[in-house]
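*Asks:*
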Amino acid sequence: VNLVEKILARASGRAQVTPGEVVVADVDCILLHDLSCYLTAKVLEEEVRQPIRHPERVVVVFDHHFSPPTEEQARMLQANRAWARRHGVHLFDCGSGNLHHVALHGGFIRPGAVVVGSDSHTPVHGTVGCFATGLGNYSHAALGLPFGKAWFRVPELVRIELEGETRPGVTPRDVALFLTGQIGEGGMIYRALEFAGPYVEELDVFDRWLFPLITVDVGAKSGHLQPDERTLDFLAELTGHRPEAVRGDGDDVAETRGWEVSGLEPQVACPPTVGNVHPVPEVVGVPIQWAELGGHGGGRLQDIRLAAQVLRGRRVHPEVRFNVVPSSRWVFTQALREGLVEELHRAGATWFPPSTGSNQAINMGALAEDETMISTHARNFPGRNGSGRMYLASALTVAASAVAGCLADPREFVR
Amino acid sequence: MATFVEKVLARAAGLSEVTPGQIVDVEPDLYMSHSASWRCIRALERLGTDRLHDPTRIAMVMDHISPARTAKTAEDQRLCREFATRHGITKFWDVEAGIAHVVLMEEGLVRPGMVIIGTDSHSTIYGALGAFGTGVGFSEVTATWVTGKLWMKVPGSLRVEIEGGMPPGVTAKDLMLWLIGQLTADGATYLSVEFHGSYPASLTVSERMTMCNLAMELGAKNAYVPPDDVTRTYLSERGVPPEAYEEVFPDPGAQYLRTVSVDVSTLEPQVACPHTVDNVRPIGEVAGTRVDQVFIGSCANAKYDDLVEAAQILKGRRVAPGVRLLVTPASRQVAAQIARDGTYATLLEAGALITNPGCGACAGDGGAMADGEVTFSTANRNFQGRMGSYRSEIYLGSPATAAATAVRGVITDPREFL
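Just so you know, the protein sequences line up as chains A and B, in that order. Heads up: the first sequence begins at 1 in the working numbering, then just goes up one per residue. Heads up: the second sequence begins at 1001 in the working numbering, then just goes up one per residue.
Take a look at the structure:
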C-alpha cells in the first residue's frame, strides 16, 4: 500500500482504498492565506452558516499583504481578523511569513496528515510525508470548515526517481525546474507523485521542499517524499516535537520515471509559463531590472546563504533592484544572527518583511512594460506582476543575475 | 540687521538686502523632487522643452511608493529613471534609497546657507543644517528646472528661544507637538521659524531634523537652527569640509515679528490627537486609549536615533497581542546601522514588522486602516483619512511613546519604562 492510499484510508475510516475510488476524508489541517480566508469566510458566513468543526485545525496566515496599501485591503484584513477571533482559529498576522513556512514552523504539519489549503502550492507539505493538496474556497466553506472533511478521488501514484550528484552552481531548485520542464505542465494530471532516489534522500528537508512544490505545476494532485530519520529530526528540531513516521510500503505505483541529474546545468523557467524551462546558458544576457529572493520556494535561509555566496565581495548592478523577502520571522532572525542581513544590504539588496513578497504585486513587485524580473518565485504568468516579464530560477542564478544586470550563469560566480 | 531668511534669500536673489513681503527671484541651489518627479517630467513635456538650466542641481528620490505595486507606478518610476539617465542627473536615488530628505542630508547635499526647494511640504527639515528649505508644487520645480529661478515672497520671522534641560523620556518631538498645540497650525503661517537657545544647541542633527520638519505643521515657510560644531561635524563626517559652504546667521539686532520663549525643563510627553496636528494633549490626558497599529517611521522620526530610542523600550519586551507594530527605517544608511548594532534584531524579536526604507505608511505605502481602527504614529500628520478609512484615527507622538504604546496596546507614557 503506498503512502497516499495509506493516509487516505486512515483518514476516511476504511481498511483500504484504491485509485479511482472517491473517499470523504477527515482533514488534519486547513491552510488559508489573507486572500482566500476572506472569500472562504464570506461563503461560510453567508451561505453555509455553520460553526467550524475543528477550529484548532485551521491556520490563517496573512502573507500576500505585509501591510495593507488601501482602505479596502485594510477592511479585508480587519474582517479576517474578526472572523478568526470569532471562530478561534489560528491567526498569524502580516509579517509572520509565507503561509506554508509559517504552518510548518508552527508545528501544524505532521507526517501522515491530510493537509488542504486554498493555495495551489499546498502540496508542498508532502515534503514531510503528508497528503497535501489545494482545494477551492467553496470546498473549505462547504465541507472542510463545517465538517472537517474533504472528498478526494484516490490518485494513482507515480514515483519519480532521481539519482546522481549535481555539479557546483546547480541547486535543488534547478533540478525541480528541470523536472517541471521535462514532465510538462499537463504531464501528471491528477497523479500523486512520490519523489525518491538517492538524490532527494541526501537533501536537507528544506531542499526536498522544492520537489513537492512543483507538483501543481505539472498538474499533479499531490507530491511527497517518504518521511525518514532526516524528516523526523528536522521536525523535532523545528517544532520541539518528534512525530511518528507514516510510511508507505511495497511498490504499489502506477509508473516509475527516473532522471539522472549529474550532468544538469542551471535551469530557468522563461516567460510566459512555469513549464517553459531552459538551461541558463540559452538565455544568458537578457537584461533584467529586478531580482527577488522570495515566495514559496525562495525566501529560505538556504536561498539567502546562496545569494550571500554570490554577493560576497560584489555589488548589485546599479540598474537592478534586488529584493530579499525572508519566508518567516525565524529565517529573518537567523539571517540577522549570521550577519547576512547586513551583508546583503551592503551589497545593495533591500530587505522586506517576511511575506510572499512580489507574489501578485500586492505590496510590491509591479513591473512596467518591458521590465524584467528574475526571482525564486513559483509562478511567472503574464499579468501577475504588472506588465513585465518574469523568469524563475535558483537563488544562485537570481543573485548572479542581480550582479550582472542580465540573466547570468551562476557557475561563473561560485566555485 | 537681518534675520536668517532675509540674509539667505538676499544672497540667493543676488541682492544686498531684502525685506519681508518683498517678491524676489531666487536661484535655488538644489531642487528636490520625490516620487512625484514623473509629474515634473510630464509638465516639462507640456512646456515643450527639454532644456534644463542645471542638471547638477536636480535631485530625485523615489521614496513615496517603494517599490511599485501597480503597473502605472512602475511606469512612472521607469520614466524618472530614464529621464535621469538621459539628462545626466547623477543625484538620483531609486526605490531602495529611503526618504528624500534624509537621503539628501546623509549624502552631504544639504549645507548651511543653501536655498533648497522640494516637492514635499516637509522640506523645512533642511533648516536642521542651517539651510533654507521649503516645499513647493511640482510645476514650480519644473519651472525651476528650466529657468533656474523661482519667485518667492520674503517671509517674516518668528524667533523661538528654547532653554532648559529636557527631562528623561521627553524628546524634541514632544517639544514640537507642544509648540504646535500652543501656537496652532497657523501659528507661523508663511514665517521663517528660527530655533535659538541652549536647547537646540544641545541637540543632534537628527533631533534638529525632527524640529525643523515639524515646524511645517505651524505653517512655516522654512525653519532654521544656527549651524555650529554639531553641524560641522555632521557634514565633515559626510565628506563636506567647512570651505564647501557658507554659514548664515541672523544679525543680533534683526527684526522678528514675534519671539516666543520656552522652558523645556518641565515638559511632559505630548500627543497630537485626531484629526489635526495642533490638537495636542499631555500624555496623561490620552493614556489608556486603545490602538490597533503603531507606526514608527516618516521623515519626522525614523532616523537612527529614533529607532534606537524605540528599541530601548522594546528590548526584552513584546508588542501587545493584537497590536501591529510597523517600523520603516528612513534610509538605507539607517537600515545598515540598525542591522549592525543589533537594533534590528531587538525590534524584530519584540514582534515588529520592519519594512524596506522609505516613506512607508506615512505616504500610504502600507499601513492603511479600516473603519474604527486607531494608529499611534511617529509621523507628522494625522489628518482624517490620511491612513485609510475616514472613520479611523491617528495619534502622533515620539518614538519612545510609540514603543511604550506598542508594548501596552494602549497609549502609554514612556517614562513608565525608564
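Every residue gets a Cβ at the ideal spot worked out from N, C-alpha and C, and that includes glycine.
For a contact meaning CB atoms closer than 9 Å, what does residue 78/A contact in chain B?
*Replies:* Taking the first residue of the first sequence as 1, we reach residue 78/A at position 78. Here the neighbours are 1292, 1369, 1370, 1371, 1372 and 1373.
*Asks:* Using a Cβ-Cβ cut-off of 8 Å, state whether residue 1304/B counts as contacting chain A.
*Replies:* Position 304 of the second sequence holds residue 1304/B. Output row for residue 1304/B: interface = no.
*Asks:* Measure how close the beta-carbons of residue 180/A and residue 277/A come, nearest whole angstrom, since I'm counting them as under 8 Å.
*Replies:* The sequence position of residue 180/A within the first sequence is 180, counting from 1. The sequence position of residue 277/A within the first sequence is 277, counting from 1. Correct: roughly 6 Å between the Cβ atoms.
*Asks:* Might you give, ordered along the chain, the residues of its own chain that have their beta carbon closer than 6 Å to the beta carbon of residue 1370/B, omitting 5 neighbours on each side?
*Replies:* For the purposes of this step, residue 1370/B is taken as residue 370 along the second sequence, with counting starting at 1. Closer than 6 Å at Cβ, skipping near neighbours: 1389.
*Asks:* Quick one: which chain B residues come within Cβ less than 9 Å of residue 155/A?
*Replies:* Looking up residue 155/A in the first sequence gives position 155. Within 9 Å Cβ-Cβ: nothing; residue 155/A doesn't reach chain B, min ~38 Å.
*Asks:* Hey, would you say residue 416/A sits closer than 8 Å to residue 316/A, going by beta carbons?
*Replies:* Lying before the first or after the last residue shown, residue 416/A is absent from chain A, which here runs from 1 to 415.
*Asks:* Taking CB distances under 8 Å as the criterion, tell me whether residue 1356/B reaches chain A.
*Replies:* Stepping through the second sequence from its first residue, residue 1356/B is reached at position 356. Closer than 8 Å: yes.
*Asks:* Could you tell me the boundaries of the alpha helix (DSSP H) in which residue 172/A lies?
*Replies:* Residue 172/A sits at position 172 when you count from the first residue of the first sequence. Where residue 172/A is concerned, the enclosing alpha helix (DSSP H) stretches over 172-183.
*Asks:* Find out if the Cβ-Cβ distance for the pair residue 1040/B, residue 1124/B is shorter than 8 Å.
*Replies:* Within the second sequence, numbered from 1, the residue matching residue 1040/B stands at position 40. Within the second sequence, numbered from 1, the residue matching residue 1124/B stands at position 124. Contact flag unset, no.
*Asks:* Counting contacts by CB-CB distance shorter than 8 Å, is residue 1020/B in contact with chain A?
*Replies:* Taking the second sequence and counting its residues from 1, one reaches residue 1020/B at position 20. No, because no Cβ of chain A sits closer than 8 Å to the Cβ of residue 1020/B.
*Asks:* What are the partner residues of residue 1163/B, as DSSP defines its beta bridges?
*Replies:* As a first step, residue 1163/B is located in the second sequence; it is residue number 163 there, counting from the start. DSSP lists 1263/B as partners of residue 1163/B.
*Asks:* Residue 1213/B bridges to which residues according to DSSP?
*Replies:* Within the second sequence, residue 1213/B is the residue found at index 213, counting from 1. In DSSP, residue 1213/B forms no bridge with anything.
*Asks:* Answer yes or no: does any C-beta atom of chain B fall closer than 8 Å to that of residue 303/A?
*Replies:* The residue labelled residue 303/A in the question sits at position 303 within the first sequence. No, residue 303/A does not count as interfacial toward chain B.
*Asks:* Measure the alpha-carbon distance for residue 103/A versus residue 57/A and round it to whole angstroms.
*Replies:* Taking the first sequence and counting its residues from 1, the one referred to as residue 103/A is at position 103. Taking the first sequence and counting its residues from 1, the one referred to as residue 57/A is at position 57. The straight-line gap from Cα to Cα measures roughly 11 Å.
*Asks:* What residue from 1145/B, 1243/B and 1108/B has the CA that sits closest to residue 1205/B's CA?
*Replies:* In the second sequence, the residue the question calls residue 1205/B occupies position 205. For residue 1205/B, the nearest C-alpha among the options comes from 1108/B.
*Asks:* Using a Cβ cut-off of 7 Å, pull out every chain A residue sitting near residue 1340/B, in sequence order please.
*Replies:* As a working note, residue 1340/B is residue 340 in the second sequence. Chain A residues near residue 1340/B: 342.
*Asks:* Below 8 Å, can you find three or more Cβ-Cβ pairs linking the stretch 122-131 of chain A to the stretch 64-79 of chain A?
*Replies:* No: the two stretches stay apart, fewer than three of their Cβ pairs being nearer than 8 Å.
*Asks:* Excluding sequence positions up to five away, which residues of its chain have a Cβ less than 8 Å from the Cβ of residue 1137/B?
*Replies:* For this step, residue 1137/B is matched to residue 137 along the second sequence. Within the same chain, residue 1137/B has close Cβ partners 1119.
*Asks:* Between which two residues does the alpha helix (DSSP H) carrying residue 1181/B extend?
*Replies:* Position 181 of the second sequence, counting from 1, holds the residue named residue 1181/B. 1172-1183 is the extent of the alpha helix (DSSP H) around residue 1181/B.
*Asks:* In its own chain, which residues sit with a C-beta less than 7 Å from the C-beta of residue 1088/B, not counting the 5 before and 5 after it?
*Replies:* Locating residue 1088/B in the second sequence gives position 88, where the first residue counts as 1. Closer than 7 Å at the Cβ level, and outside the excluded window around residue 1088/B, lie 1055.
*Asks:* If you follow the beta strand (DSSP E) that residue 159/A is part of, which residue opens it and which one closes it?
*Replies:* Position 159 of the first sequence, counted from the start, is the residue given in the question as residue 159/A. It spans 157-163 - the beta strand (DSSP E) in which residue 159/A sits, taken as one unbroken run.
*Asks:* Going by the DSSP bridge assignment, what does residue 139/A pair with across the sheet?
*Replies:* Within the first sequence, residue 139/A is the residue found at index 139, counting from 1. The partner list for residue 139/A (beta bridge, DSSP) is empty, contrary to what the question assumes.
*Asks:* Kindly list the residues whose CB is nearer than 7 Å to the CB of residue 229/A, restricted to its own chain and excluding five residues on each side of it in sequence; keep chain order.
*Replies:* Indexing the first sequence from 1 puts residue 229/A at position 229. Around residue 229/A: no qualifying Cβ.
*Asks:* Roughly how many whole angstroms lie between the Cα atoms of residue 1269/B and residue 1381/B?
*Replies:* Taking the second sequence and counting its residues from 1, one reaches residue 1269/B at position 269. Taking the second sequence and counting its residues from 1, one reaches residue 1381/B at position 381. Near 17 Å, if we compare the C-alpha coordinates of residue 1381/B and residue 1269/B.
*Asks:* Give, in chain order, every unbroken run of the alpha helix (DSSP H) that is at least 4 residues long and sits entirely within the stretch 1056-1091 of chain B.
*Replies:* Runs of the alpha helix (DSSP H) inside the stretch 1056-1091 of chain B: 1071-1086.
*Asks:* What beta strand (DSSP E) runs, 3 residues minimum, are completely inside the stretch 303-352 of chain A?
*Replies:* Entirely contained in the stretch 303-352 of chain A, the beta strand (DSSP E) runs reaching 3 residues are, in chain order, 321-324 and 349-351.
*Asks:* Return the bridge partner residues of residue 1397/B from the DSSP annotation.
*Replies:* Position 397 of the second sequence, counted from the first residue, corresponds to residue 1397/B. For residue 1397/B, which the question treats as bridged, DSSP gives no partner whatsoever.
*Asks:* My output table needs one value for residue 1368/B: the three-state DSSP class, helix, strand or coil.
*Replies:* What you label residue 1368/B is simply residue 368 of the second sequence in a count that begins at 1. It is coil, neither helix nor strand.
*Asks:* Could you check whether the stretch 205-223 of chain A touches the stretch 174-192 of chain A, counting it as contact only if at least three pairs of C-beta atoms, one from each stretch, sit closer than 8 Å?
*Replies:* Touching, yes.
*Asks:* List the residues that DSSP assigns as beta-bridge partners of residue 149/A.
*Replies:* Sequence index remark: in the first sequence, residue 149/A carries index 149 (1-based). Paired residues: 26/A.
*Asks:* Determine the chain D residues that contact residue 382/A at a beta-carbon separation under 7 Å, and present them in chain order.
*Replies:* This model lacks chain D altogether; the protein chains it does include are A and B.
*Asks:* Using the Cβ count rule (16 or more neighbours within 10 Å means buried), how would you classify residue 83/A?
*Replies:* The residue you call residue 83/A lines up with position 83 of the first sequence. Flag for residue 83/A reads buried.
*Asks:* First and last residue of the beta strand (DSSP E) that includes residue 390/A?
*Replies:* Indexing the first sequence from 1 puts residue 390/A at position 390. 389-392 is the extent of the beta strand (DSSP E) around residue 390/A.
*Asks:* Which residues of chain B have a Cβ atom closer than 9 Å to the Cβ of residue 333/A, listed in chain order?
*Replies:* Numbered from 1 along the first sequence, position 333 holds the residue referred to as residue 333/A. Under the 9 Å cutoff, chain B gives 1345, 1348 and 1349.
*Asks:* Relative to the C-alpha of residue 1035/B, which residue among 1075/B, 1051/B, 1020/B and 1015/B is closest?
*Replies:* Taking the first residue of the second sequence as position 1, residue 1035/B is located at position 35. Minimum Cα distance to residue 1035/B is reached at 1075/B.
*Asks:* How long is the line joining the alpha carbons of residue 360/A and residue 1071/B, rounded to whole angstroms?
*Replies:* The residue given as residue 360/A occupies position 360 in the first sequence. The residue given as residue 1071/B occupies position 71 in the second sequence. Answer to the nearest angstrom: the Cα atoms are 12 Å apart.
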